[in-house]
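**Q** Below: one structure in structure tokens.
Quick look at the structure:
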């Protein structure tokens, strides 16, 4: 059984990692390895802390032709 002190310490260590993930400074795999949480637990903890989901910058991953196609299909 976890004591309140241990839970508070774990929470204090988890929140900066969640914030870094939310801001896109660390990836999901790094967060999972650092915390032992699975993706569903990460989502739950983000909600508990009031943090938004990270957003992917598609500019870094897709070329202009791919972005144009996306806009034609979904825009």
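In the UniProt record's numbering, the protein residues as written are 1 to 75. Idealized CB from N, CA, C, for every residue including glycine.
#1: Near residue 14, what residues of its chain come up, given a Cβ to Cβ distance below 7 Å and the 5 sequence neighbours on each side ignored?
#2: Assuming the contact rule is C-beta atoms closer than 8 Å, residue 69 and residue 22 should be a hit. Round their C-beta distance to whole Å, please.
#3: In its own chain, which residues sit with a C-beta less than 8 Å from the C-beta of residue 18, not counting the 5 before and 5 after it?
#4: Candidates 66, 37, 26: which alpha carbon is nearest residue 55's?
#5: With a cut-off of 8 Å, does the C-beta of residue 69 fall near any C-beta of chain D?
#6: Residue 65 to residue 57, Cα distance in whole Å?
**A** So, from the listed chains and residues:
#1: For the purposes of this step, residue 14 is taken as residue 14 along the chain shown, with counting starting at 1. If we look at residue 14 and ignore the five residues flanking it on each side, its Cβ neighbours are 35, 45.
#2: Within the chain shown, the letter at position 69 stands for residue 69. Within the chain shown, the letter at position 22 stands for residue 22. Distance from residue 69 to residue 22 at the Cβ level is roughly 30 Å; contact not present, criterion being Cβ atoms closer than 8 Å.
#3: Taking the chain shown and counting its residues from 1, the one referred to as residue 18 is at position 18. So the list reads 31, 42, 45, 46, 49, 51, once near-sequence residues are dropped.
#4: The residue given as residue 55 occupies position 55 in the chain shown. Residue 55 has its Cα closest to that of 26, out of 66, 37, 26.
#5: Here chain D cannot be found, since the structure has a single protein chain.
#6: Residue 65 sits at position 65 when you count from the first residue of the chain shown. Residue 57 sits at position 57 when you count from the first residue of the chain shown. C-alpha of residue 65 to C-alpha of residue 57: approximately 16 Å in a straight line.
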